[in-house]
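Q:
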Amino acid sequence: MASEFPQNHFDLFRLPVRFALDRAALDQNYRALQGEVHPDRYATATSAERLRSAQMAALVNEAYQTLKSPVDRARYLLHLNGVDTQEETNTAMPADFLMRQMEWRETVEDARAAADIAALEKALDDLKREAAEFETQLHTALDEKNDHARAADLVRKLRFLDKVRDETELAIETLET
Amino acid sequence: MALLQISEPGKSAAPHQHRLAVGIDLGTTNSLVATVRSGLAVVLSDEEGHALLPSVVRYLPGGNVTVGLSAQAQQSGDPQNTLVSVKRFMGRGVHDIADIGLYPYRFVDAPGMVQLNTAGGIKNPVEISAEILRALKIRAEKSLNGELAGAVITVPAYFDEAQRQATKDAATLAGINVLRLLNEPTAAAIAYGLDNAAEGVFVIYDLGGGTFDVSVLRLSRGVFEVLATNGDSALGGDDFDRRVFCWMLEKAQLPPVGPEDTRLLLTKAREAKEQLSTRSEAHITGVLSGGDVINLTLDNATFTELTQHLVGKTLAPTRKALRDAGIAIEDVQGVVMVGGATRIPQIQRAVAEFFKQEPLNNLDPDKVVALGAAIQANVLVGNKDETDLLLLDVIPLSLGLETMGGLTEKIIARNSTIPVARAQEFTTFKDGQTAMSIHVAQGERELVSDCRSLARFELRGIPPMAAGAARVRVTFQVDADGLLSVSAREQTSGVEAHVTVKPSYGLGDDEIAAMLQSSFSHAAEDREARALREAQVEADQLLATIRAALEQDGDALLDAAERDALESSMTALQSALASAERDAITHAASALNRASETFAARRMDASIARALTGRKIDDLKV
């Protein structure tokens, strides 16, 4: 008897393989799945069952986190299509994006030096907006134009933004403590 | 026995039998035990009607030990042998304890976890905590009139690996079957959420005697999903007492005081703090051992000033938790206050101001954690149709590895939902390198030296290759108790190494075994008889579970040959049981466990398919 375990994260949650996401369906199916496999359902089970439950629950968590995050979801879709996003190796970026990058970093650096938490919080909001714009473009590239090269490019840009966001959050945390 | 706990509503998976299960809140100041009786969570009191057991252990010469109120009554008279707030030392070394000079104890200077020299010998925090847990176990078994099947033990959400492992070890030492380590704020959320049919995003603000936790949860139809947690595992009501204690020394112009007077003044400080929750000033009077009389008045304004920065120290983690959860203050439906220290009026004010809403105080902040743990224990042990409660908790601190240059590479980020497993590949940096040393650390800082070191192990026997050619895959797994295991495997050769992380300040399995042995011989309990009884109970449960599973799914999921094989393993276990030989029973039980693996896997796959099809698929498209 073959295992019926789904082939990919989208199938696991019975969702179509695409970037646009029905978040309510993802959440609901995630909870339904955890309701079946979570170790709390197997607390007094045999060791073999507890181990399997932990593995399954970890897999369901991993799949949920991947689909929930737009950049991880896009990377995963590209991976399913055999496209490597080359985030470590391909750091070539258009000049205007690099300029934006430097501006972001300067803003954060200045706010940090001035201990201006409000300015850092505003920078976070701006970053979020910028990321949302890239995510809209990802939807177009992946679901409508099937343009993998463009999508991989957007994933790399979002990765840059993530790094700036991490630095900004770290700056806020450091100032708060 | 899960094979069996997956069941459709209305079908009972395992033979119906009520199992005794409790929730235990092992607190810094007080500990409690609760259970679910006739569908209602209740705290179990001692024979005199006291619900709270002071977390105080006194060691007397000759091996006698007292726990609770009677020990507490002696704390000023015998401060060096009467140990309070030992939770602050769990999983900690001497140099981890910042204010060590303020404790009236005889610390032993030794590597590893803190040890204390007492009239009963040298004791570590695990052994001391086990005394408290044992007292609660005895209370519960008397009150429930039977042996406990298991317990859920609560820990501060911000406890790290070493502190969690130490807590679990203490329970093992006390002879308690740990069903789950449950985070205290999550336990409180269960009790609060189920009581109030709460839906939406809630913040649990939990300031106990020695620890502070803040958790952000989304509550939705019986699912308790922790979005983020943060805190400070060395901040609590005790620190407020210490501020008052230092103020008293200064005000009364006292010279440095001895252990007896330290304990006396700390007790006076705690009483003053408690009085200020309902009054505007507190009078502090007492006579020190040298005859000095203290007579002071502490007003609310002074107390507020003295402890202002402590209140501030709780707000930074609160902000972090909200940011990690991606939740704005306006999105918070309610703020539930937990822990005795939240009775302090200025804490109430600070929290109300921060969240722009009055905090919720309609639960007893001392009892809510134990009640939530009892509800969870009742579900875990299988007394309740568990489909109406699901907890999705997170790890509080990131887990990672040391890489080149003493940097930390995070493998699992803080606030990841557990259980979680994640792998990362590393390579060799020298030609012909045949071993790789792996250093596991926990924390958020960039330098590994600023994080807590958890374990070091080596992967050996890598075949010599050019630098960068080996592919070492390191896998981190965190289970539902929040405990970590790490394995490493060289991909091209298949060489493997595996460790269940025993934190550097943890106790080795052999140390635990030695402590168990001495505690059993101490209690004059027949270890062998007990082990046999446990093996028999487990074997009986295993058989019952598999029988029930076969009845339910045997025909659908197994062919005749598979079923025969499983049934002959069952017969083998039954004959072993008849022999009353422990080794034979455990052998036959593990053989049956192995034989049931395929069946278990198929049942789980079937349940997954069922979760998303049939009855539930219709709900999805609303």
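In order, the protein sequence lines correspond to chains X and U.
The first sequence maps to residues 1149 to 1325 in this note's numbering.
The second sequence maps to residues 107 to 728 in this note's numbering.
All C-beta atoms in this analysis are idealised placements derived from N, C-alpha and C, irrespective of residue type, glycine included.
1) Counting Cβ pairs closer than 8 angstroms, one from the region 403–420 of chain U and one from the region 370–383 of chain U, do we hit at least three?
2) Quick one: give me the first and last residue of the beta strand (DSSP E) that X/PHE1282 is part of.
3) For X/GLU1235, collect the residues of the same chain with a Cβ closer than 6 angstroms to its Cβ; drop the 5 residues on either side in sequence, then sort them by chain order.
4) Could you tell me how far apart the beta carbons of U/LEU456 and U/GLU464 are, in whole angstroms, since I believe they sit closer than 8 angstroms?
5) Are U/ARG245 and U/VAL139 close, meaning C-beta to C-beta below 9 angstroms?
6) Check X/GLN1182 in the structure and name its three-state DSSP category.
7) Check whether chain X comes within 9 angstroms of U/PRO525, counting only Cβ atoms and requiring the distance to be less than that.
8) For X/ARG1223, I'd like the list of residues in its chain whose CB is within less than 6 angstroms of its CB, leaving aside the five on either flank, ordered along the chain.
9) Taking just the CA atoms, how far does U/VAL417 sit from X/PHE1158?
10) At the 9 angstroms Cβ level, is U/VAL487 part of the contact set with chain X, yes or no?
11) The beta strand (DSSP E) with X/ARG1198 in it runs from where to where?
12) I want to know whether the region 189–196 of chain U touches the region 246–255 of chain U - three or more CB-CB distances under 8 angstroms.
13) Would you call U/PHE535 buried or exposed, if buried means 16 or more other Cβ atoms sit within 10 Å of its Cβ?
14) Is the region 700–708 of chain U close to the region 662–680 of chain U, with three or more CB pairs under 8 angstroms?
15) Once the 5 residues before and after U/ASP338 are set aside, which same chain residues still bring their CB inside 8 angstroms of it?
16) Would a check of beta-carbon distances place X/ASP1188 closer than 9 angstroms to chain U?
17) Could you give the C-beta distance for U/ALA650 and U/ILE691, rounded to a whole number, given that I count them as a contact under 8 angstroms?
18) Could you compute how far the alpha carbon of X/ALA1262 sits from the alpha carbon of X/VAL1219?
19) Counting only Cβ pairs nearer than 9 angstroms, list the residues of chain X close to U/LEU497.
20) Does the region 657–666 of chain U come close enough to the region 634–642 of chain U that 3 or more CB-CB pairs lie under 8 angstroms?
21) Ignoring anything shorter than 4 residues, give me the alpha helix (DSSP H) runs that lie fully in the region 190–263 of chain U, in order along the chain.
22) For X/LEU1228, tell me which candidate among X/LEU1290, X/MET1204 and X/ALA1206 has the shortest Cα-Cα distance.
23) DSSP three-state call for U/SER675: helix, strand or coil?
24) Is U/ALA108 helix, strand or coil by DSSP?
25) Name the chain U residues whose beta carbon is nearer than 9 angstroms to that of X/ASN1209?
26) Please list, in chain order, all residues of the same chain as U/LEU166 whose beta carbon is under 8 angstroms from its beta carbon, the five residues on each side excluded.
27) Please report the straight-line C-alpha distance between U/ARG708 and X/ILE1320, rounded to a whole angstrom.
28) Under 9 angstroms, do U/PHE563 and U/SER591 count as touching if we go by C-beta distance?
29) In terms of residues, what are the limits of the alpha helix (DSSP H) holding U/TYR165?
30) Less than 9 angstroms between CB atoms is the rule here; does U/VAL320 satisfy it with respect to chain X?
31) Under a three-way DSSP split, which group does U/LYS722 fall into?
32) Can you tell which of U/HIS545, U/ARG270 and U/ARG566 has its C-alpha closest to the C-alpha of U/CYS557?
33) Secondary structure at U/HIS415, three-state DSSP: helix, strand or coil?
34) So, does the region 465–478 of chain U touch the region 293–300 of chain U, judging by three or more C-beta pairs under 8 angstroms?
A: The answer reads as follows:
1) Between the region 403–420 of chain U and the region 370–383 of chain U, the count of Cβ pairs shorter than 8 angstroms is three or higher; the stretches touch.
2) Following the DSSP letters along the chain, one finds X/PHE1282 in no beta strand (DSSP E) but inside the alpha helix (DSSP H) bounded by residues 1265–1287.
3) These residues qualify, in order along the chain: ARG1304 and ARG1307.
4) According to the sequence shown, residue 456 of chain U is Ala rather than Leu. Contact between U/ALA456 and U/GLU464 does not hold, since their C-beta atoms are separated by about 12 angstroms, which reaches or exceeds 8 angstroms.
5) U/ARG245 is a Cβ neighbour of U/VAL139, given a cutoff of 9 angstroms.
6) In the three-state reduction of the DSSP assignment, X/GLN1182 falls in the helix class.
7) Yes - at least one Cβ of chain X is within 9 angstroms of the one on U/PRO525.
8) So the list reads THR1233 and VAL1303, once near-sequence residues are dropped.
9) Taking the straight line joining both Cα atoms gives about 46 angstroms.
10) Closer than 9 angstroms: yes.
11) Segment 1195–1216 is the alpha helix (DSSP H) holding X/ARG1198; no beta strand (DSSP E) there.
12) Cβ pair count under 8 angstroms is below three, so no.
13) The residue in question, U/PHE535, is exposed, as its Cβ has fewer than 16 Cβ neighbours within 10 Å.
14) Under the Cβ criterion (8 angstroms, minimum of three pairs), the region 700–708 of chain U counts as touching the region 662–680 of chain U.
15) If you ignore the 5 residues before and after U/ASP338, its C-beta comes within less than 8 angstroms of the C-beta of TYR264, THR317, PHE318, LYS419, THR420 and PRO423, all in its own chain and listed in chain order.
16) With respect to chain U, the C-beta atom of X/ASP1188 has a partner C-beta closer than 9 angstroms.
17) Not a contact, Cβ separation roughly 15 angstroms.
18) Each residue's alpha carbon lies about 32 angstroms from the other.
19) By Cβ distance, chain X contributes HIS1186 and ASP1188.
20) A contact between stretches requires three or more CB pairs, one per stretch, nearer than 8 angstroms, and the region 634–642 of chain U fails this requirement with the region 657–666 of chain U.
21) Taken in chain order, the complete alpha helix (DSSP H) segments of 4 or more residues contained in the region 190–263 of chain U are 231–250.
22) Comparing alpha carbon positions, the residue from X/LEU1290, X/MET1204 and X/ALA1206 closest to X/LEU1228 is X/LEU1290.
23) Of the three classes helix, strand and coil, the one that applies to U/SER675 here is helix, per DSSP.
24) Residue confidence for U/ALA108 is low, a pLDDT of 33 falling below 50, so the modelled location carries little weight; the figure read from the coordinates is stated next. Reduced to three states, the DSSP call for U/ALA108 is helix.
25) Under the 9 angstroms cutoff, chain U gives LEU498, SER522, THR523, ILE524, PRO525, VAL526 and ALA527.
26) The residues THR172, ASN187, ALA225 and GLY226, in chain order, have a CB closer than 8 angstroms to that of U/LEU166 in the same chain once the five nearest residues on each side in sequence are set aside.
27) Spanning the two alpha carbons is a distance of roughly 49 angstroms.
28) Taking 9 angstroms as the cut-off, the Cβ atoms of U/PHE563 and U/SER591 do not count as close.
29) For U/TYR165, no alpha helix (DSSP H) encloses it; the enclosing beta strand (DSSP E) starts and ends at 162–165.
30) Judged by the 9 angstroms Cβ criterion, U/VAL320 is not in contact with chain X.
31) Because the pLDDT of U/LYS722 is 40, which lies under 50, any placement of that residue in the model is unreliable, and the question is left without a value.
32) Out of U/HIS545, U/ARG270 and U/ARG566, U/HIS545 has the C-alpha closest to the C-alpha of U/CYS557.
33) Shown here, U/HIS415 sits in a helix according to DSSP, grouped into three states.
34) Yes, the region 465–478 of chain U touches the region 293–300 of chain U.
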